[in-house]
Each structure stands twice: as structure tokens, then as C-alpha cells.
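Asks: In our numbering, the protein residues as written are 373 to 631. In this text, a Cβ means the ideal position worked out from N, Cα and C, and glycines have one as well. Bear in mind that the values here come from a model prediction, so they are computed numbers and not experimental data.
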């Protein structure tokens, strides 16, 4: 309620009387934006370019709220840059390579990649991803992401692969590509190394096993406790505290594996 000039109460009438927002309005509005190409990148001489290096998402399942929240923050930066007069490139890309894509295709078609020909499996990946990609792009548009959909890219398209391969060749020729020996995560089911982010950890009860090694020089037993006795075959050295008098006599000697 509010008071008019005469001091009598005046009833407040909201401009929007609907109690529930009609989402079809958003769809119609975005269709107009897309038709007019207002978010397409146009390099203008009077405006400095503002390029956003977006991480292309995996279309390996339903786009969850965490991904939407992340891209909404990127969208805020893009819109702010436009209001500041920049010519903004906000690319929309789809990452269609990698282990999550392969696993999704295997589960969808009930097959194994290593039991399927390369050509057939690539075609199945493409078919599976096309449907997921269309749904992902639909969600992007529904939340109003102001990306350049007219120039969207896929990491499995021919031009993109040529670009990444030529970049690798250039780095190779400059001597920036090297082979190193280091620990890696390996999945015996997938038959490939995997990134740390793809490793799922699970706590399980185990046993503390006491393993009897032998001192090569004296024949005396050396008891070592471990929770991973299956790795005995990979043992290359035994480390002790150099200040611990109990092991001072073992310095420089050799331990013999029990197997």
C-alpha cells in the first residue's frame, strides 16, 4: 500500500501479475538474439578484441549444475567486456575426444572399444555424441549463455585435428616434446593411462603384513612391515633413518627379496 497526495491509501498493482514465469518467453527471446547474431564475433577496428579461452565441456552425460555455474561466471565476464566496448570472442566448443567419451560409448552400446574396429568405434562415438551435444547446446541457450554459437567448434572435426597435430609437430621440431620416466595412473580395464582427475579413491580395510627379507652379507633375517605385499617384486631399496642406531649396522648392505 502507498499514500497518494490526499493522504488516502492507494493499492499497489504489480506490472507483472503472473505468479509463475513462462519459460517460453526466454526461448523466443534467445531465438531473436541468435537470428540477429548479436553475440557473433565481429572484429571491429574501433574496438579492442577481448578473447575468452573457454574450456570445452565433455558431452559425456547430462550437463550438471556445476558446469552451468562455471559457464555462467564466464558469461558474466563476456557481457561485462561487451559493455566496456570490447569486441568479444566467447567461443562455444565441445570436447569430443578422450576417455569419458569412450566409456560413455561403450556403456551405451554395450561393447568394448578393443573388441571393435577403429573405424566402427569412431562412428559410434560420433553418433552417441551428436545427441548429447544437441542437448548440451540447448541447455546453454536456455540459461542464456552469450557465446558465439554460429562458430562453434568440435575437437574431433578435421580442421581442429589438423591444427592440434600441426602444433605438436611444431613443438617437436623445436625440441619441446620429450619422453620422460615417471609414475602414471593406469587402468587395466581401459588399457590406457588416465589423468589424476579421473581416479576415484576408495578406503578399504587391509592387513599389515610382516615380510621376512634376508641380509645378503650375514644371512640374518630382516623383518619389514607393509600393507602392500603384492609390490615386493618391485622393491629396489630399503630406506632407514640414518640416525636410528638399530639399523646402523645395515648401512651399505643388501636385502634379499623373499621371492
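Measuring only the C-alpha atoms, how far is residue 586 from residue 567?
Replies: 38 Å
Asks: If you reduce the DSSP assignment to three classes, tell me which class residue 531 lands in.
Replies: helix
Asks: In whole angstroms, give me the CA-to-CA distance for residue 426 and residue 522.
Replies: When rounded, the distance between both Cα atoms is 16 Å.
Asks: Is residue 459 near residue 421, with beta carbons less than 7 Å apart?
Replies: yes
Asks: Quick one: is residue 468 buried, meaning 16 or more other Cβ sit within 10 Å of its Cβ, or exposed?
Replies: With 16 or more other Cβ atoms within 10 Å, it is buried.
Asks: Going by beta carbon distance, what residues of the same chain come within less than 6 Å of residue 477, once the five residues before and after it are set aside?
Replies: 496, 497 and 500
Asks: What is the DSSP secondary structure of residue 479, counted as helix, strand or coil?
Replies: helix
Asks: Is it right to say residue 409 is buried, meaning 16 or more other beta carbons lie within 10 angstroms of its own, or is it exposed?
Replies: Flag for residue 409 reads exposed.
Asks: Under the rule that 16 or more other beta-carbon atoms within 10 Å means buried, what is residue 510, buried or exposed?
Replies: exposed
Asks: Select from 615, 617, 457 and 628 the residue whose C-alpha is nearest the C-alpha of residue 678.
Replies: The question about residue 678 has no answer here: the residues shown for the chain are numbered 373 through 631.
Asks: Smallest Cα separation from residue 560: which of 447, 435 and 486?
Replies: 486
Asks: What residue range does the beta strand (DSSP E) around residue 558 cover?
Replies: 557-559
Asks: Return the bridge partner residues of residue 460 from the DSSP annotation.
Replies: 422
Asks: Would you identify the three-state DSSP class for residue 484, choosing helix, strand or coil?
Replies: coil
Asks: Pick helix, strand or coil for residue 391, following the three-state DSSP scheme.
Replies: For residue 391, the three-state secondary structure derived from DSSP is coil.
Asks: Count Cβ pairs between the segment 512-527 and the segment 589-598 that sit closer than 8 Å; are there 3 or more?
Replies: Between the segment 512-527 and the segment 589-598 there are fewer than three C-beta pairs closer than 8 Å, too few to call the two in contact.
Asks: Using 7 Å as the threshold, is the C-beta distance between residue 508 and residue 435 below it?
Replies: yes
Asks: Going by the CB atoms, is the gap between residue 472 and residue 532 shorter than 7 Å?
Replies: no
Asks: Please state whether the Cβ-Cβ distance between residue 518 and residue 608 is less than 7 Å.
Replies: no
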